[in-house]
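Numbering (the working numbering), first residue to last: 28 to 223. Even for Gly, the Cβ is constructed at its ideal location relative to N, Cα and C. For clarity, every value in this text was computed on a predicted model and none was experimentally measured. Reading through the C-alpha cells given below for one structure.
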Amino acid sequence: MIKKNMAILIFPDVEVLDFAGPFEVFSVTDELNDHTLLNVYTTGETSETIRAKNGLQVVPDYDIKNCPEPDYLIIPGGSGTRALLKKPAMLEWIFRTEAQCSNVLSICSGSLVLAKTGLLKGLKACTHHEVIDELAILSPDTEICRDKRFADNGKILTSAGVAAGMDLSLYMVGKLFGQDQALKTANYIEYSLLPT
C-alpha cells in the first residue's frame, strides 16, 4: 500500500483540538500500522509560526506552495476562519486542492470556509452550534444537520464543534481502513465514544 498524504490546514486563531484531535487520531492509526498508511502533516498560508486559539504557538510543516500534494485535506475551525473567508488566494487553494483529493473534512467552523468556496452547495453539513446561522447565510442551499456529530456526503465530510472532530476522524479511519483500525485507534487513545 502506498502511503497517502493528509494535510491539516492551520492558521492564526485555529481551534487547537480541531486540528490536534484529528492529527492525533490519524497519526496514531499510522503508528499502529508501522507508519505505512498516512503521511499526516500541517500546512499554512506560510511556514511561519502561527498562534492558535488561546495562544498556543505552532509551526506548520509546510506552506501551501510547497506541501506534498494532499490525498486528504482537513480544514479545522476557530475564530480564525473569518479571516480565511477574506483571503481569495487561500480559498482558491482549497478549491483547487479539493478537486484532487479523495476526501475533504471540515471540523467545527471550518465548514464556513468550505461554504465560501461553494463546495457545500446542495450537501448536508455540520458545524459548531454557535455558527449555524453564519453557515446558513454563506450557503443557503446546504442542509444543516443540527442534531448530528458529523455528516458524510461521500467526498466531503463535516463535523460539529471541537470534540466532534475526533468522532469524524475515527469514523474516517473506519471508512478508509476498516472498523477494526478505528477500534484499535480509539482504544489506544482511550477514546470511549466510537462513532457509527
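query = Can you tell me whether DSSP reads T185 as helix, strand or coil?
reply = strand
message = For M33, report the span of its beta strand (DSSP E) as first-last.
response = 31-36
key: The beta strand (DSSP E) enclosing D179, as first and last residue numbers   = 177-179
request  = Just mark G181 as buried or exposed, buried being the case when its beta carbon has 16 or more other beta carbons within 10 Å.
outcome  = exposed
message = If you reduce the DSSP assignment to three classes, tell me which class L65 lands in.
response = strand
query = According to DSSP, which residues form a beta bridge with N130?
reply = Y99
query = Should T63 and L100 be called a contact, given that it needs their Cβ atoms to be closer than 7 Å?
reply = no
query = From C172 to L150, what distance separates their C-alpha atoms?
reply = 10 Å
Distance, G188 Cα to K30 Cα = 29 Å
query = Do you know how far the Cα of T73 is from the Cα of V55?
reply = 26 Å
task = Please say whether D98 and N32 have beta carbons closer to each other than 7 Å?
result = yes
key: Top-ranked residue by Cα proximity to E51, from I35, P39, T154   = I35
Residue burial classification, E75 (beta-carbon count within 10 angstroms, cutoff 16) = exposed
request  = State the beta-bridge partners of A209 as determined by DSSP.
outcome  = Bridge partners of A209: none, in fact.
ask   = To the nearest whole angstrom, what separates the beta carbons of F41 and G105, a pair I think is in contact under 8 Å?
value = Sequence check: residue 41 is Val here, not Phe. Going by Cβ atoms, the distance from V41 to G105 rounds to 4 Å, so yes, they are a contact pair.
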